[in-house]
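The block underneath contains the structure these notes are about, expressed in C-alpha cells.
Protein chains: 2
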Amino acid sequence: MVGEGLIDKEAAILRITPGDIENILFPRISWHTPQKNVEIDSKIIPVETIGKGLAASPGAATGKVIFDSDETVALASEGESIILVRHETTPEDVHGMYASRGVVTATGGLTSHAAVVARQMGRPCIVDTDSQSIMRVDLKKKIIRSGDVIIREGDFITMDGFSGKIYKGELPTEKLSELPSELSKILNWADTYSKLEVRANADSPADNKRAFEYGAIGVGLCRTEHMFFDEGRLPIMQKMILADNKEERISFLNILFEFQEEDFYEIFKSAEGKPITIRLIDPPLHEFLPKELDLVTEMFEMRLEANDELSEDQQKELQTKEKLLVRVQEINEMNPMLGIRGCRLAILFPEIVEMQAKAIFTAAARCENKGYDVHPEVMVPLVGFDTEFLEIRKVIDRVAEEVFSETGIIVDYLVGTMIEVPRAALTAGEIASGDKGAEFFSFGTNDLHQMTLAFSRDDAGKFIAHYLENKIMDSDPFETIDQAGTGKLMQLAVKEGREAKPGIKIGICGEQGGDPASIEFCHKLGLDYVSCSPFRIPIARLASAQAALKEAAETALKEAEQAALKDEN
Amino acid sequence: MVGEGLIDKEAAILRITPGDIENILFPRISWHTPQKNVEIDSKIIPVETIGKGLAASPGAATGKVIFDSDETVALASEGESIILVRHETTPEDVHGMYASRGVVTATGGLTSHAAVVARQMGRPCIVDTDSQSIMRVDLKKKIIRSGDVIIREGDFITMDGFSGKIYKGELPTEKLSELPSELSKILNWADTYSKLEVRANADSPADNKRAFEYGAIGVGLCRTEHMFFDEGRLPIMQKMILADNKEERISFLNILFEFQEEDFYEIFKSAEGKPITIRLIDPPLHEFLPKELDLVTEMFEMRLEANDELSEDQQKELQTKEKLLVRVQEINEMNPMLGIRGCRLAILFPEIVEMQAKAIFTAAARCENKGYDVHPEVMVPLVGFDTEFLEIRKVIDRVAEEVFSETGIIVDYLVGTMIEVPRAALTAGEIASGDKGAEFFSFGTNDLHQMTLAFSRDDAGKFIAHYLENKIMDSDPFETIDQAGTGKLMQLAVKEGREAKPGIKIGICGEQGGDPASIEFCHKLGLDYVSCSPFRIPIARLASAQAALKEAAETALKEAEQAALKDEN
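Residue numbers (this note's numbering), protein chains in the order written: chain F, 1 to 569; chain U, 570 to 1138.
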C-alpha cells in the first residue's frame, strides 16, 4: 500500500500490531480447513487433542515425548526432535529445554521457570496442563495419560504454543526462517522514527546471530550463570562452592576461567562490533548444589535398601553425602531471592568477580588481537548501595588494567549496574555520581517488580490469576510494567541518574522489555534502549517506532491546538 | 540538679542517654569487684565463663539449661527458672521463649528470630555462640560443651545479655521492677516537649500493663498470629489450613473465633481506654504446618525402624503423613517473605478476615457493654494496591455493621494499613484517598527494609556483619532506619498520604521504633507516633523529647542568626 501511494510509511507502521508480527514469526500447525484436520501425504487426517494448558510461549512444535533433560540432550544431538515434558523445570533443565523443540509442564504459571526460560529461548511452551485439562504426566511410569489415551516416552506429540493445546502424533508445522522482506522493510522504516533502541537478551553466539538478524543493535543482557551449569562445569562449580578456603576456591575458579574465557571469546567474535552487556554471576550459590530434601531422601533410601546394614563403601558414600548435606544446609536460605546473590557474592568472594573480569578482558583482548571490534559492558547485578558498586568496580578496573598491560591491548569497556533493588532506584544519583560511578543503568524489571510488589515470581503465580480475575490488578506485572508503582521508582532513578551523570546510558533488560505497553512507557521515560529475547526484537522495534510516532502525533496536535488558540486571540 | 536549680528541665532531658535508661531498666549480674567474682552467701566466688555470643537482647538471667521449648513451659509452670538453649528458634519456640528467663542460640544473628522475639518479650538473649566461642550446643546428647566443661540439661547457667557472656552456675542478679521515680519524673517532663507519641508493640494484657506503666499512650501493634500458635489452637489452625473446602474451613474458623474473641476481650479490657492497633493475620500459612523435611524424615525413620515391614496401623499413619506432605508441598513457597501472606491471605480466603473482624468487634462490643472504653484500630498487613485495601475493608465494615446491629452497641473503630511493601509507599496517595481509604498508616519498617534493600531478615545476618565491617553500610537497617534509601520511600508515603487525606494518622511499628536515631528521623518526617516493644518505651519517650528539643534549638539558632543578619543590615 505504501508502494501504491495509498498510505504513507508512518501509517503503515502504526497499522501493524505486535500480534501480527508474533503470528508471522513463530512456527504454527499447518491446518487443513477445518482446524480439526491436517493434511499428511495428501491425506486429510483428523487430529486428536490429548490436553490443554496455559499458552506460555508461542509457536508450534512436534517431537518425541521425553521426560528427562539429559536424555533430551542426548537424543537431540542424534538429530531427534524432542518435546521435553516435566512436572516443572529448574535451572538444571535448561540444557534439556534448549535441546528440545518445545516444553510442556504439568504445573507452573505464565511466570514459572519453564515459561520464562522458554520464551527467552524462543521455544514454544505450555504449562499447567494438570489444572487445565485431564492430561496427567506420570514421571515414574514415564507416560502421559489423557482419559484412555496413553502416550509413552518416545511417542510423538504436537504442541501449539498459541492455543495451549497438545495433540497426539506428528502434525505438520510451518515456519519462517527469517524476517519476510516486506516486514524487514517496514521495520527498517520504523527504526528511522524510533528514539528507543532495541537490544537483545542473548547468552550465546547463536542467540547473537539470531538477534542481529532480527535487528538488535547490541546485547543488553548476556547472562553468565548458564556458563556454570553446562556439563563438565557444574561439578567444578560445586567444588568451588564447597571449597574450605580461598586458596582451594581459587584453584577451581582457575579451571572455570578457561571455560568462561573461551565462551566470551566466541560471544565477542559473534558480536559484529556491537556492544555486549555482560552480567556478572547472579543466582544464589545453592542453585548450583543438590537440594537438601533430595540429599536426605537419597541417604535414607540407601539405608532402607541395605536394611540399615551398609557396606564399608556405602558408609563412606553416606558420610560424603552427610558432609555435603551440612554445607547445603549452611548455604540454604529462607528467601533466596533476598539473600546472598548478585553483587553480594562478589563482595563476599571477590575472587569470583576477579575470575569473571579476567575472562572477559582476556577474551576481549584476544578478539581485538584477531581484528574483531569488541565493546564489553560489564554489569553488576543486585546493587543496592553505591559502596557495593564502587568496591566491585575497583576489582574490575584493576583486572582490566592487568590484562591490558599484559597483552598490550586496550579494550574499550564500560562498567554499569542493574537497577533491580528498590534501594538502587532510590539512590540512583549516588550510584551514578563521580568518575567511578556507574556508566550505565539497566533496569532489571523482573527483580525490581518482585521486590517493589513483594511478589516472588516463583510463588506469585498462585495468586496473580486470582488478582487479575478480581480486578485487584489490571495486568500481570511480570508481563507489563506496573507503571503506577514500580514505574515511579524507574522514573525517579532516571531523573536522579541523569542529574548525577548527564548522558548516562539507561535501558531495561527484564521480560517486560519485549512488551509493547512497557516499551511505550520506557520511551516516555526517555530510556536509551530496551533489551528483550531475540524472538521479540521485531515486535520491540515496531513498538518503539509506534511510541515515537504516537508522541509526535500528540505533540503536533497540541501545537495545532495552541496555534488555533493563538489565532482566536 | 534540676531541683537544685543547677540545670533546667530541658538540659536534664538532653543529658540522659538511651544507654543510661537501658542500663537502669534491665536486670544485671551483681558483680563483686573485680568483675570476675560474685558474692554468694557472704562468700566471694570466682565465676567461670563457658561461652560468648552476640548480645542480642539486654539483661541478665540465671536458670536451668533446657533444650526444648515444651519442656521449658512445663518446668517454668512449676516455678523453675529456665534458660532455653537451642540451635535456633522458630515460631514454634515462642511459648518456650516466653516461659524462659532468657534464650541462648548457637547460631543466628542480631536479627534472627530468637533475637527479634526475645527483644520484643524483654528476655535477655545471646545468639551465635558457635562462631563467637568454643561453646558447643549438642541437642542430641542434651549437653553444652565448652572445652573440658560439660553442662548437662538441668544444670544452672547465668547469661549476661549486655556482654553476651555465659557463665557456669547460678550467679546473683539484680533488677528494677518499675521505673525509678526520678526517671519517671524526667520522662514526664520529656513528654511535654515531644511531638511524636509513643505506643507499644504488645500482644497480651500483660504486655499492655507493662507498656502503660512505662508510659505508652496506646498499642501500635497487636499481632494476632500468636493467638493461633498456642497449645490447643495450633491443631485447629492446621485443620483449617488443610481443609478441602470453604465449608470445612469455616467450621474450624468458628472454633478459632471463640479463642480469638476471648483473647481480644482480655486485651481490650486491659487497654485502659487507649487505642489498640490490631494487625490481621500476617505470616504465610506454612509457618503453621510441619516442615517438609521433618515430615519426610519422620516417614523414612518409621520405615527404617520397622525394616520396611509396617503394621497396618503404621501404614495408616504413613498414609496420613503422606497426605499431609502433599499439602505441605503445595503450600510451600520458594520465597515465603514475598508469597501468600498478609492481605493476600485475606483476599484468597476472605473467611479468615471475616472471622478475625467478628472476633474483634464482638469482643469490643462485649467490653463496651461492661463499661470499658474501647478503640480498636484494625490494620491490614502487606497491602501493595489500593484495591486490596478496599476489598478487605469492605469485609471489615460489613462485619462491624452486623455485630453492631446484633448487639445494639456501636464501637468506635478505624481501619488502616501497614506500609511495608515498597509499592504501598509509592502509591500511598491512592491507598489513603476517599472515604473508604486507609484511616491510618503504620510503617512496618522490618518488612519495608527487607523489600527495599532485598535483605531477607532470616538470611541477611550472614552478610550484614561483613557489610558493616567493610563500611558498605554505616548501620544495620534492621536496627536503625536506612534514611537514604528506605527513608525516601517513607518520606514519599507521608507526603502523598497527607495530601490525599489531611490529618491521616501515621506511625511506625517496626523494630526500629525503639531506636533513638530512627525516632529522631520519624520526628523530622512529622509522624504521629512510634510503636516499640514495652521495654524500649522509656527510651523512645526520651528520644522523642530529645528530637523535639534539638529541633527547637536548631530553629532558635537559625532565628537568632537571621535576627543578627537583620541587625547588621
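Heads up, the beta-carbon is just placed ideally off N, CA and C, and yes, glycines get one too.
query = Expressed to the nearest angstrom, what Euclidean distance is found between the alpha-carbon atoms of U:E874 and F:S311?
reply = Taking the first residue of the second sequence as 1, we reach residue 874 of chain U at position 305. Taking the first residue of the first sequence as 1, we reach residue 311 of chain F at position 311. Spanning the two alpha carbons is a distance of roughly 19 Å.
inquiry  = Using only the alpha-carbon positions, how far apart do F:F440 and F:G497 sit?
reply    = If you number the first sequence from 1, residue 440 of chain F lands on position 440. If you number the first sequence from 1, residue 497 of chain F lands on position 497. Between the C-alpha atoms of F:F440 and F:G497 there is a straight-line separation of about 9 Å.
key: Buried versus exposed call for F:A563 [16 or more other C-beta atoms within 10 Å across all chains shown]   = The residue you call residue 563 of chain F lines up with position 563 of the first sequence. Looking at its Cβ environment, which holds fewer than 16 other Cβ atoms inside 10 Å, F:A563 is exposed.
request  = Keeping to the same chain, check which residues put their C-beta closer than 7 Å to that of U:D863; ignore five residues upstream and five downstream.
outcome  = Along the second sequence, one-based indexing puts residue 863 of chain U at 294. Excluding residues within five positions, none has a Cβ falling inside 7 Å.
Option nearest U:K838 by Cα separation, candidates U:C936, U:K1031, U:V686 = The residue labelled residue 838 of chain U in the question sits at position 269 within the second sequence. When only C-alpha atoms are compared, the closest one is U:C936.
query = Where are the beta strand (DSSP E) runs, 3 residues long or more, that stay fully inside the stretch 440-519 of chain F, in chain order?
reply = Annotation note: the stretch 440-519 of chain F contains the following uninterrupted beta strand (DSSP E) runs of length 3 or greater, listed N- to C-terminal: 440-443, 505-508.
key: Nearest residue (CA-CA) to U:A928, options U:E971, U:L893, U:F958   = One-based indexing of the second sequence puts residue 928 of chain U at position 359. Of the candidates U:E971, U:L893, U:F958, the one whose C-alpha sits nearest the C-alpha of U:A928 is U:E971.
message = As an exercise, report each continuous beta strand (DSSP E) stretch of at least 3 residues that is fully enclosed by the stretch 818-895 of chain U, in chain order.
response = Taking only runs of at least 3 residues, the beta strand (DSSP E) segments lying wholly in the stretch 818-895 of chain U are 844-848.
key: Residue-level contact to chain F via CB, U:N757, 7 Å cutoff   = As a position in the second sequence, residue 757 of chain U is number 188, starting the count at 1. For U:N757, the answer is no, since every Cβ of chain F falls outside 7 Å of its Cβ.
request  = From the DSSP output, in three-state form, read off F:R101 for me.
outcome  = Residue numbering aside, residue 101 of chain F sits at position 101 when the first sequence is read from its first letter. The three-state reading of DSSP puts F:R101 in coil, since its state is none of H, G, I, E or B.
ask   = Does F:K488 have its Cβ less than 7 Å from a Cβ in chain U?
value = Looking up residue 488 of chain F in the first sequence gives position 488. Using a CB distance cut-off of 7 Å, F:K488 counts as an interface residue toward chain U.
request  = Pick out whichever of F:G526, F:E420, F:F26 has its Cα sitting closest to the Cα of F:R279.
outcome  = Indexing the first sequence from 1 puts residue 279 of chain F at position 279. It is F:E420.
query = If you compare alpha carbons, which of F:I392, F:E272, F:V73 is closest to F:E231?
reply = Taking the first sequence and counting its residues from 1, one reaches residue 231 of chain F at position 231. The closest CA to that of F:E231, considering only F:I392, F:E272, F:V73, is found on F:V73.
Where F:L304 meets chain U, residues with beta-carbon distance less than 8 Å = Here the question's residue 304 of chain F lines up with position 304 in the first sequence. In chain order: F869, R872, L873, D877.
request  = Quick one: using the 10 Å Cβ neighbour count with 16 as the cut-off for buried, is U:E573 buried or exposed?
outcome  = Walking along the second sequence from the start, residue 573 of chain U turns up at place 4. Exposed: under 16 other Cβ atoms inside 10 Å.
Opening and closing residue of the beta strand (DSSP E) in which U:F725 lies = Within the second sequence, the letter at position 156 stands for residue 725 of chain U. From DSSP, the beta strand (DSSP E) with U:F725 extends over 725-729.
task = State the DSSP-derived secondary structure class of F:T570, mapped to helix, strand or coil.
result = The first residue shown for chain F is 1 and the last is 569, placing residue 570 of chain F beyond what the model contains.
key: Cβ-based contacts, 8 Å cut-off: residues of the stretch 1040-1051 of chain U near chain F   = Cβ contacts with chain F come from K1040, I1041, M1042, D1051.
message = Against U:L862, what residues of chain F qualify as contacts under a CB-to-CB distance less than 8 Å, listed in chain order?
response = Taking the second sequence and counting its residues from 1, the one referred to as residue 862 of chain U is at position 293. Simply E292, L293, V296.
task = Tell me U:V654's beta-bridge partners as DSSP assigns them.
result = Position 85 of the second sequence holds residue 654 of chain U. Per DSSP, U:V673.
Closer than 9 Å at the beta carbon, the chain U residues around F:E391 = Residue mapping note: residue 391 of chain F aligns to position 391 of the first sequence, counting from 1. Per Cβ cutoff of 9 Å: N1039, I1041.
Among F:V65, F:T320, F:A517, F:R28, the one whose alpha carbon lies nearest that of F:V104 = For the purposes of this step, residue 104 of chain F is taken as residue 104 along the first sequence, with counting starting at 1. The shortest CA-to-CA distance from F:V104 to any of F:V65, F:T320, F:A517, F:R28 is the one to F:V65.
Residue from F:A61, F:L256, F:K246, F:A118 with nearest C-alpha to F:D160 = Indexing the first sequence from 1 puts residue 160 of chain F at position 160. When each option's Cα is compared against that of F:D160, the closest is F:A61.
Span of the alpha helix (DSSP H), counted from its first residue to its last, around U:T698 = On the second sequence, residue 698 of chain U is found 129 positions in, with the first residue counted as 1. Going by DSSP, U:T698 is part of the alpha helix (DSSP H) stretching over 698-701.
message = Counting only Cβ pairs nearer than 7 Å, list the residues of chain F close to U:A933.
response = Taking the first residue of the second sequence as 1, we reach residue 933 of chain U at position 364. None at all; the shortest Cβ gap to chain F is about 29 Å.
request  = Going by CA-CA distance only, name the one from U:V984, U:G1072, U:D882, U:L752 that's closest to U:K578.
outcome  = Here residue 578 of chain U corresponds to residue number 9 of the second sequence, with the count starting at 1. Ranking the options by Cα distance to U:K578, first place goes to U:L752.
query = Short check: CB of U:G733 to CB of U:I703, under 7 Å?
reply = As a working note, residue 733 of chain U is residue 164 in the second sequence. As a working note, residue 703 of chain U is residue 134 in the second sequence. In this structure, U:G733 lies away from U:I703, with their beta-carbon atoms at least 7 Å apart.
task = Report yes or no: is there a C-beta of chain F within less than 7 Å of the C-beta of U:T680?
result = Taking the second sequence and counting its residues from 1, the one referred to as residue 680 of chain U is at position 111. Not an interface residue.
key: Sub-7 Å separation of U:K1090 and U:Q1052 beta-carbons   = What you label residue 1090 of chain U is simply residue 521 of the second sequence in a count that begins at 1. What you label residue 1052 of chain U is simply residue 483 of the second sequence in a count that begins at 1. Per the sequence shown, residue 1090 of chain U should be read as Phe rather than Lys. Going by beta carbons, U:F1090 and U:Q1052 fall inside the 7 Å limit.
message = So that I know if they touch, is there some Cβ in chain U lying closer than 7 Å to that of F:F463?
response = Here residue 463 of chain F corresponds to residue number 463 of the first sequence, with the count starting at 1. Answer yes: the Cβ-Cβ gap between F:F463 and chain U drops below 7 Å somewhere.
ask   = If contact means a Cβ-Cβ distance below 8 Å, which residues of the stretch 1100-1122 of chain U contact chain F?
value = Flagged: no residues at all.
query = So is F:A206 buried or exposed if we call it buried at 16+ other beta carbons inside 10 Å?
reply = Residue mapping note: residue 206 of chain F aligns to position 206 of the first sequence, counting from 1. It is exposed - the Cβ of F:A206 has fewer than 16 other Cβ atoms within 10 Å.
ask   = F:P27: buried (16+ other C-beta within 10 angstroms of its C-beta) or exposed?
value = Translated into positions along the first sequence, residue 27 of chain F becomes position 27. F:P27 is buried by the Cβ-count criterion.
inquiry  = Suppose contacts are defined by Cβ-Cβ distances below 7 Å. Is F:D128 in contact with U:E902 by that definition?
reply    = Residue numbering aside, residue 128 of chain F sits at position 128 when the first sequence is read from its first letter. Residue numbering aside, residue 902 of chain U sits at position 333 when the second sequence is read from its first letter. When the beta-carbon positions are compared, F:D128 and U:E902 stay at least 7 Å from each other.
ask   = Taking the Cβ atom as the reference point for each residue, do U:I1033 and U:D1045 lie within a distance shorter than 7 Å?
value = Here residue 1033 of chain U is taken as the residue at index 464 of the second sequence, counted from 1. Here residue 1045 of chain U is taken as the residue at index 476 of the second sequence, counted from 1. Result yes, Cβ atoms of U:I1033 and U:D1045 sit closer than 7 Å.
query = Roughly how many whole angstroms lie between the Cα atoms of F:A560 and F:A553?
reply = Here residue 560 of chain F corresponds to residue number 560 of the first sequence, with the count starting at 1. Here residue 553 of chain F corresponds to residue number 553 of the first sequence, with the count starting at 1. Taking the Cα positions, F:A560 is about 10 Å away from F:A553.
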